[in-house]
Amino acid sequence: MIIKARGESLDPRLLALSGPLKDSTLPLAEDETSIGREACNGIAIIDPSISRKHCLVSCQNGRYLVRDLDSRNGTLVNGTAVEEQWLQHGDQIDVGDSSFLFLTEEDEPPAGSRVEFEDAELAATTIIHPRDVVYLQPERLQRELPARLRVAQNLNALLKISRIVHAIRDLNELQRQLLDLIFEVAPAGRAAILLADSEGQQFNSVFARTRQPEHPQLVKVSRTIARQVLEQGIAILGSDVASSEKFRDVESLADSHVLSFLCVPLTVFQRVIGCIYLDSDNVNNRLQEEDLQLVAAIAGISAVALDNGRRLYWLEQENERLTTEISQEHSLVGESARMKEVYQFLKRAAPTDSTVLIEGESGTGKELAARALHRNSSRASKPFMPINCAAIPETLLESELFGHERGAFTGAGALKKGKFEIADGGVIFLDEIGELAPSLQVKLLRVLQEREFERVGGNDPIRVDVRIIAATNCNMEQAVREGSFRQDLYYRLAVLKITMPALRDRPEDIALLARHFVQKYAKRCKVRPRPVTREAMGCLLNYDWPGNVRELENAIEHALVLGSADMILPEDLPESLLDRAPAREMSEAKYHAAIKELKKRLIRDAVEQTQGSYTGAARILGVHPNYLHRLIRNLEMRESLKDALRDIPPRGLSDISGGNA
């Protein structure tokens, strides 16, 4: 029998806090577990507030990720709606009306309790404005409050809070410590911090705790109270709920046996960003006006820190999302033998600081290879600075690369750092290095040899730690022989050298690349991804791709945007791909040849039936006239239709010459 030590990692699982599966412990699969209403889900929950396929919890490299599956009501982690989120021990996941704790350790952590809003009308309560908070006005504090132990405790609590708000960056940890300190000085049994969205209409972040955090429970908050605090920016105290005719019948307060409550605004630059809510069910420890004053002061001290913590959390999530998206966007695709050689080279070269020269035709993915080198190196967290040496005039390129001092030339009104200086610690990618002017070749050679340079108009050497990756579509050895490129610089650049294969040299990757670009541009162009038909794939395979992968990428985007069928057809592709007849080994199967002949016959019959009206023919065929013209052009039917229409007597103003056919 294996006994695990206290706190040691156990099998990841979900503990149901509320909903139909309440108090159940649900183990998570080693690969992925889906949550939803359908019975086929790993965790099936019969609840109309949950979508059929609501969210997915998947394991990746020992970590667990929750991803929302476009559910109707969204997936929340610790009260915040997320599209996807890495999970940590103790995180709370809300799906519909069900809440779960994500657990990986033996001890269940002190967790935030769930918040539920309840609508109710306000009774007579104590209301104060932020400007009237005594603890934020030292002169009033000294005049109005007696010097006693309670005041000293409150001031000590405010001092603690003023310290922690500047020491904690994590939003959840900040909220946890704030509420724990409030419990030390206020006789509340439950507390919650509610943060509103940017429009101030909804609470999109909630964090709740109880005085006994080891027993999480539902914290019900009156939506009416919270909305009034949010909209009017006032603090509200209900010190005797039981004697209030309106409040004693409020379900949320009655269910929790609330005898007193308070709610204070969190205000940043005269804008209310949320509120702090407290309540008590103890008859001997009711919340009083002095508690309202203290908690309002705590809110005034901590509001900016909470707002900054929320913004930092959002920025971290957005940074992670964008990093993942960029990584996917700038990934090499291919499984051919030539590409496997490239991957092997990148794997060996990436961890080093050696200079790399990447050769290859335009559109073969030289910059993608450079980014892969950077992404898999120890410099990955530092800048990657690309610059095209052929796209910038020689007179400006030196300043762009090395920067300039103020007054170095006409128009240089201020000091400017160059790309090399900005990229210090990272990578600078010099594309089209073969176009570099001789004068700049000398300066670049010095950077490679000495790791230093001067700005234009400057005399002080600047040292940098930069890895240089260069790329070219020229024959560099021939350029050296002809004298247009320095031999010593070439040898310095070509310490490690790789040639990116042309697409025509790896045709086995075309289908894989096509599917990749379909998914990429369907998302970018907001269209439904469509499979490539066998006929269209034959056109792609038969083309020699002078523009390489970049041309294939453009062709797929063209087909997705302009095509109108459920699949990508040959006629959806750019005309340049259709000019070449299929190669013998790629000749169409009988089925597809028959389909083509059927299309021709249907078009011919419709045009003859309408006596040459292409608009009428398109109406009969149920397609757009522009699509019909494109079909006629791609099926090479122009001449045959003209011959067929010569024998048809004129019927007035025919639109046979209209359109692009």
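Everything in the sequence shown is counted per our numbering, starting at 182 for the first residue and increasing by one.
Cβ coordinates follow ideal geometry from the N, Cα and C atoms, glycine included.
- Annotation: Ala553 to Ala561 spans about 10 Å, alpha carbon to alpha carbon.
- Counting only runs of 3 or more residues that sit fully inside the stretch 536-570, the beta strand (DSSP E) segments are 537-540, 565-569, in chain order.
- Beta bridge pairing from DSSP links Ser239 with Glu213, Leu246.
- Bounds of the alpha helix (DSSP H) holding Gln630 are 619-631.
- The Cβ-Cβ distance between Ser580 and Gly592 does not fall below 8 Å.
- CA-to-CA, the gap between Val713 and His805 works out to about 21 Å.
- Taking a C-beta distance under 8 Å as the contact criterion, Cys720 and Leu741 do not qualify as a contact pair.
- Here Asp278 carries a coil assignment [DSSP, helix/strand/coil].
- Gln474 counts as buried, since no fewer than 16 other beta carbons sit within 10 angstroms of its beta carbon.
- For Glu265, the enclosing beta strand (DSSP E) stretches over residues 265-267.
- Bridge pairing for Thr391: Arg371 [DSSP].
- Bridge pairing for Tyr458: Ala373, Cys444 [DSSP].
- For Asp612, the secondary structure class from DSSP, reduced to helix, strand or coil, is strand.
- Considering only Glu602, Met657, Asn569, the residue with the shortest C-alpha distance to Asp646 is Glu602.
- When the five nearest sequence neighbours on each side are left out, the beta carbons in the same chain lying within less than 7 Å of the beta carbon of Gly615 are those of Thr653, Cys655, Met657, Ala660, Phe666, in order along the chain.
- DSSP places Ala225 within a strand segment (E or B) once states are collapsed to three.
- One thing to note: Pro564 has its Cβ no nearer than 8 Å to the Cβ of Asn463.
- Here the alpha carbons of Asp612 and Ala571 stand approximately 8 Å from one another.
- Contact between Thr256 and Ile274 holds, with the beta-carbon distance rounding to 7 Å and staying under 8 Å.
- Its chain contains Glu752 as the residues whose beta carbon lies nearer than 7 Å to that of Arg811, once the 5 sequence neighbours on both sides are disregarded; these appear in chain order.
- Along the stretch 710-756, the alpha helix (DSSP H) occurs as fully enclosed runs of 4 or more residues at 715-723, 729-743, listed in sequence order.
- Distance from Leu447 to Ala478 at the Cβ level is roughly 12 Å; contact not present, criterion being Cβ atoms closer than 8 Å.
- For His585, same chain residues with a beta-carbon under 7 Å away, outside a window of 5 residues either side, are Ala593, Lys597, Arg636, Val637, Gly638 in chain order.
- In the three-state reduction of the DSSP assignment, His270 falls in the coil class.
- Collapsing the DSSP output to three states places Val366 in a helix.
- Inter-residue distance for Arg357 and Thr214 is about 30 Å (C-alpha atoms, whole angstroms).
- The alpha-carbon separation between Arg452 and Thr405 amounts to approximately 19 Å.
- Exclusion of the five residues before and after Glu542 leaves Asn654, Ala683, Asn729 as the residues of its chain whose Cβ lies within less than 7 Å of its Cβ.
- Each residue's CA atom was taken as its position, placing Gly223 and Asp212 some 11 Å apart.
- Burial is judged here by how many other beta carbons sit within 10 angstroms of a residue's own beta carbon; Ser535 has fewer than 16 and is exposed.
- If you draw a straight line from the Cα of Gly793 to the Cα of Arg782, it is about 15 Å long.
- Per DSSP, the unbroken beta strand (DSSP E) holding Ala651 starts and ends at 648-653.
- With contacts defined by Cβ atoms closer than 8 Å, Ile749 and Ile539 do not form a contacting pair.
- Cβ-Cβ separation between Ala486 and Val445: approximately 15 Å, too far for a contact (criterion under 8 Å).
- In the three-state scheme derived from DSSP, where H, G and I count as helix and E and B as strand, Phe666 is classed as coil.
- In terms of Cα proximity to Leu375, the closest of His235, Leu802, Asn259 is Asn259.
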